[in-house]
Amino acid sequence: MKIAIGACGGITTSQLVQLMQYLPSDDDKLELAKTAYGYVRDPDSYSTNVGEAFSYDDTQAQLHAYIHRY
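Numbering (full-length UniProt numbering), first residue to last: 1 to 70.
This is the structure we're talking about:
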């Protein structure tokens, strides 16, 4: 996944949210969100827009914590 995202020049938060809709669990979505974070073209809106794609607040909090450590 990293190679594909990096090879195409990055990904927008909107594109990532669309991809996340196809994943069955918040764990899978979180893994994708963490992987894609370093390649995102619009990082200012990342936390808010991507965080809303999760089903559980706890997963959203895990993403926020990851971003702050990044």
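Every residue gets a Cβ at the ideal spot worked out from N, C-alpha and C, and that includes glycine.
Which residues in the same chain as Gly10 place their Cβ atom closer than 7 Å to its Cβ, once the five residues preceding and following it in sequence are excluded? Tyr39, Val40, Arg41
Under 8 Å between the Cβ atoms of Tyr56 and Tyr46? no
Provide the residue(s) that pair with Val40 in DSSP beta bridges, ordered along the chain. Ile11
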